[in-house]
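Presented below is the structure to which this report refers.
Residue numbers (my numbering): -6 to 698.
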């Protein structure tokens, strides 16, 4: 049978092109990821196809599915925190693939946040990064706040509690102190957005002017997937100015593909002073006749009853998560109530968090995260202004016969509760949107935008108590006649961050990764203060602090046989608090990582992984607000005319503090990673230290930085 030339050509074309189109569309691969040791499914594991941008996450049952997989076979790469990364070749079209991951103590393959757009494995960087898998921690023990997650779980991270009151926070130090005058708190990021982490917020309930509420604890451990800690300038160079004290990255939960999963959590607890009779000493005094007098906790409680109470702790949380590979979600909310051992100390916070991750294609991922927390915190009087602890621990037996002291040092505990009231009202919103785009295999870039809005209403209130004025130690305290001080603070942080990474194969054994990015940060703190003594002559004051910074970085990494990695980078920053003679600062970095156990000469079987690393990097701290400019304050002059008086002289040559750090170390895994060790030596130095210096009073200014 003969056919026309046109029909034959069409048939031939269709016979060639159609299979090509079908092949281009690709097939599917589906399967299950399990724990090799227990056989249990592994949820939230990342499954990618080598050489493509295809990826999927396992659901709660450990199942995954990949569509449009090209070729007849595919190389799957599977990663999950706490497990050894696995690479497996499968047949396209297979739907029963079973992948077993081995648990391990050393995780050189885990992906960590470094500031670049591309995913970076631990083996590729020359500095130590601590990562805390929050889910495993909270399953093992109840955790009340984020600072408790860090305590004892990251080498070089020190948590210094400020007070034992509920609602109070702690100071965080990473590898010690770096500055005398600019503070030593690390930067904190939540889902790529810089947030307020002030450790001394709230009303000044301590007589030397300190506050004790930490903004770091506004985030709920139940909403956090993991925490990563970059320690010092060597690791945090790409984060620029303000990062010399280290960086803490909080990654919130984003949900797991699968049916809706509901979780309800109820926690109950008690807050009390353990063994007060054994903790508070017996105090001795001698009366006028030379007789030895004594008083202890039991004597005091015989006078007034229980000095401390048993506070109730209650936490009620609910969450739902699920979705598919194209859309994942996580929504949570709850209420936490805590009562302290002192009746005047308690807090109640209501919080919520939501996350939606959309993957419309294998090249684009959009993630949106929002969080909100509100509620009051009530603090007791501390450190210098008295309190139950102070008046009890310094009890004086000579005061036993005094009806207004009954043996206590300065006053009855109930009087402190009646007179002093320290309260903070809080409303805080944190939100971010992150767009990741992988247009081609060798290039990826990311854009992050986010805000952190905090509103604090801090009040110090001393009620006028007529019964206390004539007959107690409060008679000499002006606050006993009535005092109120209100400080309202608005703290706004805005982050815009763009990063890009291009990866090229220079040869069969060499790979180049070039990264660059630019960041813009804006911080605005608006403070207003009003106070009244005797409620007759109120005083008003306020302040507005606004800082802006813009920075850019470039980084180049060369990898040889995926076992030796050399990285060099440079960060440049401009900030509004820099002086006019110092407009820009540069921070270099260089590091190397060598996975010795991947070399052919490595023969120690019981040591299955060994990596040596070295890094050098710089970062800094910006000068305080207005320290570089001359300032004046307004006041009433002669004849009730408006006038100004000198405030700060300013330093036109003031530079940023510069932290420099050298880090050396190694990581090793033993007996198939059943045990691991991380060793790090570091040496950190701060140059251009900013200190306050006295100047001649005749100039009209008191000091200069």
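Positions of the beta carbon are idealized from the N, C-alpha and C atoms, including for glycine.
* Where in the stretch 512 to 577 do unbroken runs of the alpha helix (DSSP H), each at least 4 residues long, occur, reported from the N-terminal end onward? -> none
* Decide if residue 47 is buried, meaning its Cβ has at least 16 other Cβ atoms within 10 Å, or exposed. => buried
* residue 337 to residue 681 span [Cα, whole Å] -> 45 Å
* **Residues bridged to residue 214 (per DSSP)** => Its beta-bridge partners do not exist; DSSP assigns none.
* Can you round the beta-carbon distance between residue 419 and residue 363 to whole angstroms, since I take them to be within the 8 Å contact cut? -> Incorrect: roughly 17 Å between the Cβ atoms, too far for contact.
* residue 227 - containing alpha helix (DSSP H), residue span -> 226 to 229
* To do: Taking residue 548 as the reference, give the member of 169, 118, 674 and 308 with the closest Cα.
  => 118
* **Terminal residues of the beta strand (DSSP E) in which residue 364 lies** => 357 to 372
* Could you name the residues that DSSP lists as bridge partners for residue 759? => Here the chain comprises residues numbered -6 to 698, so residue 759 is not present and cannot be evaluated.
* To do: Evaluate residue 88 with the Cβ neighbour count: other Cβ atoms within 10 Å of its Cβ, from every protein chain shown; 16 or more gives buried, anything less gives exposed.
  => exposed
* To do: Thinking residue 436 and residue 495 are a contact (beta carbons under 8 Å), I'd like their distance in whole angstroms, please.
  => 5 Å
* **Start-end ranges of the alpha helix (DSSP H) lying completely within the stretch 232 to 319, minimum 4 residues** => 269 to 272 and 290 to 297
* Tell whether a beta-carbon distance below 9 Å holds between residue 415 and residue 445. => no
* Asked: Where DSSP assigns a beta bridge to residue 67, which residues make up the other side?
  -> 83
* Measure the Cβ-Cβ separation of residue 209 and residue 190 and say whether it is below 9 Å. => yes
* Asked: Would you call the stretch 302 to 315 and the stretch 323 to 337 touching, i.e. three or more CB-CB distances under 8 Å?
  -> yes
* DSSP-derived helix/strand/coil call for residue 322 -> strand
* To do: Please report the Cβ distance between residue 477 and residue 506, rounded to the nearest whole angstrom; I am assuming they are in contact, meaning their Cβ atoms lie under 8 Å.
  => Rounded, the Cβ-Cβ distance is 59 Å, inconsistent with contact.
* Measure the alpha-carbon distance for residue 510 versus residue 651 and round it to whole angstroms. => 21 Å
* **Same chain only: Cβ atoms within 6 Å of residue 358, ignoring 5 sequence neighbours per side** => 352 and 429
* Asked: Quick one: any contact between the stretch 161 to 177 and the stretch 229 to 243, if contact means 3 or more CB pairs under 8 Å?
  -> yes
* **Spatially closest choice to residue 213 from 282, 131, 232 and 487, by CA coordinates** => 131
* Run of the beta strand (DSSP E) containing residue 347, from where it starts to where it stops -> 339 to 354
* Asked: When you compare only the Cα positions, how much space is there between residue 37 and residue 675?
  -> 35 Å
* Is it true that the stretch 387 to 398 meets the stretch 275 to 288, where meeting means three or more beta-carbon pairs spaced less than 8 Å apart? -> yes
* Asked: If we count the other Cβ atoms within 10 Å of its Cβ and call it buried at 16 or more, is residue 552 buried or exposed?
  -> buried
* Asked: Of the residues 673, 163, 80 and 655, which one's Cα is nearest the Cα of residue 123?
  -> 673
* Enclosing beta strand (DSSP E) for residue 182 [first to last residue] -> 180 to 183
* Asked: Is residue 672 helix, strand or coil by DSSP?
  -> strand
* **Identified DSSP bridge partners for residue 603** => 661
* If you pair each beta-carbon of the stretch 213 to 232 with each one of the stretch 658 to 669, do three or more pairs fall below 8 Å? -> no
* Asked: Which word fits residue 578, buried or exposed, when buried means at least 16 other C-beta atoms lie within 10 angstroms of its C-beta?
  -> buried
* Asked: Does the distance from the CB of residue 669 to the CB of residue 606 come in under 9 Å?
  -> no
* Report yes or no: do the stretch 556 to 569 and the stretch 580 to 597 share at least 3 C-beta pairs separated by less than 8 Å? => yes
* **Coarse secondary structure for residue 160, derived from DSSP in three states** => coil
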